[in-house]
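Taking this note's numbering, the leading residue of the sequence shown gets 1149, the next gets one more, and so forth.
Beta carbons: idealized from backbone N, C-alpha and C, even for Gly.
Right, one structure below, let's go through it.
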Amino acid sequence: MKITVCGAAGRMGQAILAIAKSDENVKIAGALEYGGSKAIGTGDPVVSSVVDLEKFLSETDALIDFTNPESALRNLEAAEKYKVPVVIGTTGFNEEQRKKISEISKSVPIVFSPNMSAGINILFELVEAVAKKIPDYDIEIVELHHNKKKDSPSGTAVKLAEIASVSIGKNICDVGVYGRHSSDAVRKKDEIGMHSVRAGDIVGDHTVYFAGYGERIELTHRAHSRDTFAAGAVRAAKWAVGQKPGLYDMADVLSLK
Ligand SMILES: NC(=O)C1=CN([C@@H]2O[C@H](COP(=O)(O)OP(=O)(O)OC[C@H]3O[C@@H](n4cnc5c(N)ncnc54)[C@H](OP(=O)(O)O)[C@@H]3O)[C@@H](O)[C@H]2O)C=CC1
Ligand SMILES: O=C(O)C1=N[C@H](C(=O)O)C[C@H](O)C1
């Protein structure tokens, strides 16, 4: 199977290329970076400019994108033209951009997940189950990431909050609270608080707290290495080839549904 990776010189792009190189069933058709990147012309495989994306798409079975929301949408539109399945690992999309992804998924298979690790996708299920059992407990989410991360809260924390809110019959737009800094910040009944720590080289930790009187449950996932996300992305790319057009997530890829 031939893949093209967008964001090839980034933290995730590098991890994905390393996993792909060690997989005898995967060939790297393209390793692409934005036009002005210093990485172009360097590396093994040699990094090319995303300006030439269409040339690479004509010989690609699946595109993997770990860039930023604006670039990811442009890359996705090109993939749609060539009917190439896409794995989107990029996070930080707004509502309008998410709608666009959903529209494009009517003509190509898209695996869209803020977190490609198996463990986090199990955590999604655990959070749903616990929230449904104790809907009156206070829910707070804390995520920790490296000091270069652009979006906050993390895409994974946003998804955890969406799952928790739906599970207690609420809409995250109504109950989501992003950090607290006020002299009048007493917690309201159904608030779901989200808190971001950015420090050092932390790969990615997520904890969901369910707190009641006299006790609390803490559900934590810690990524030790980006290899867990990279292996998930390559697995998703293999899975996406041959699927019908549609919007899928890692629960589909991992057969968790
Ligand atoms: N779903 C998951 O499992 C995971 C998702 N992520 C998400 O993936 C994204 C990338 O993370 P990370 O690798 O750490 O970030 P990096 O900033 O290290 O990498 C992104 C790379 O994409 C490049 N880029 C920007 N625009 C384009 C374009 N149009 N075409 C090709 N390359 C482009 C950037 O170049 P430049 O820096 O020069 O702008 C950079 O090299 C983030 O949104 C992050 O949250 C991260 C880990 C796991
Ligand atoms: O930017 C990162 O590094 C990560 N981003 C993803 C997110 O925003 O949820 C997933 C992972 O935690 C690492």
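By alpha-carbon positions, which one of Arg1383, Leu1404 and Val1401 ends up nearest to Ile1167?
When the alpha-carbon of Ile1167 is set against those of Arg1383, Leu1404 and Val1401, the nearest one is in Arg1383.
If you draw a straight line from the C-alpha of Gly1244 to the C-alpha of Ala1177, how long is it?
First, the residue type needs correcting, since residue 1244 is Glu and not Gly in the sequence shown. Rounded to whole angstroms, the gap between the alpha carbons of Glu1244 and Ala1177 is 31 Å.
Among all the DSSP beta bridges, which residues are the ones paired with Pro1257?
Beta-bridge partners assigned by DSSP to Pro1257: Gly1394.
Under a three-way DSSP split, which group does Glu1366 fall into?
Here Glu1366 sits in strand by DSSP.
Enumerate, from N- to C-terminal direction, the unbroken alpha helix (DSSP H) stretches of 4 or more residues contained entirely within the segment 1174 to 1260.
For the alpha helix (DSSP H) assignment, the uninterrupted runs of no fewer than 4 residues enclosed by the segment 1174 to 1260 are, from N- to C-terminal side, 1201 to 1205, 1217 to 1229 and 1243 to 1252.
With three or more beta-carbon pairs closer than 8 Å as the criterion, would you say the segment 1231 to 1243 touches the segment 1338 to 1348?
Taking a cut-off of 8 Å for Cβ pairs, the segment 1231 to 1243 and the segment 1338 to 1348 do not touch, as fewer than three such pairs fall below it.
Three-state secondary structure (DSSP) at Val1323?
DSSP places Val1323 in helix when its eight states are reduced to three.
Excluding the five sequence neighbours on either side, which residues of its own chain have a C-beta within less than 8 Å of the C-beta of Ile1311, listed in chain order?
Cβ neighbours of Ile1311 beyond the five flanking positions: Phe1272, Val1275, Glu1276 and Ala1279.
Quick one, which of Gly1352, Lys1175 and Glu1291 has its alpha-carbon nearest Glu1207's?
Restricting attention to Gly1352, Lys1175 and Glu1291, the CA atom closest to the CA of Glu1207 is found in Lys1175.
Host alpha helix (DSSP H) of Gly1277 (start-end)
Position check: residue 1277 holds Ala in this sequence, whereas Gly was assumed. Segment Ala1266 to Lys1281, the alpha helix (DSSP H) holding Ala1277.
Segment contact, 8 Å Cβ cut-off, at least three pairs: the segment 1351 to 1358 with the segment 1291 to 1307:
Judged by Cβ distances under 8 Å, the segment 1351 to 1358 makes contact with the segment 1291 to 1307, as three or more pairs qualify.
Would you say Ala1347 and Asn1263 are within 9 Å of each other, going by their C-beta atoms?
No, they are not a contact pair.
Kindly examine ligand 2 and report whether one of its heavy atoms sits closer than 8 Å to the Cβ of Met1160.
Result yes, Cβ under 8 Å from ligand 2.
Contact between the segment 1365 to 1384 and the segment 1215 to 1223 (3+ Cβ pairs under 8 Å)
Flag = no, the segment 1365 to 1384 and the segment 1215 to 1223 do not touch.
For Ile1340, which beta-bridge partners are listed by DSSP?
Under DSSP, Ile1340 takes part in a beta bridge, and its partners are Ile1287 and Gly1324.
Alpha-carbon to alpha-carbon, Ile1320 and Val1314:
Pairing Val1314 with Ile1320, the inter-Cα distance amounts to about 8 Å.
When you compare the CB positions of Pro1233 and Val1334, do they come within less than 9 Å of one another, or not?
Not in contact: Pro1233 and Val1334 (Cβ atoms no closer than 9 Å).
Short of 7 Å in beta carbon distance, which residues of its chain neighbour Arg1159, apart from the five on each side in sequence? Order them along the chain.
In chain order, Arg1374 place their CB closer than 7 Å to the CB of Arg1159, counting only its own chain and leaving out the 5 sequence neighbours on each side.
Under the criterion of a Cβ to heavy atom distance below 8 Å, does Lys1296 qualify as lining ligand 1?
At least one heavy atom of ligand 1 is nearer than 8 Å to the Cβ of Lys1296, so yes.
For the beta strand (DSSP E) containing Gly1360, name the first residue and the last one.
Annotation: the continuous beta strand (DSSP E) that includes Gly1360 extends over Asp1353 to Gly1360.
Please determine whether the Cβ atom of Phe1377 lies at a distance below 8 Å from any heavy atom of ligand 1.
Yes, Cβ of Phe1377 sits closer than 8 Å to a heavy atom of ligand 1.
Work out the CA separation of Pro1283 and Ala1187 for me, nearest whole Å.
Between the alpha carbons of Ala1187 and Pro1283 lies a gap of roughly 49 Å.
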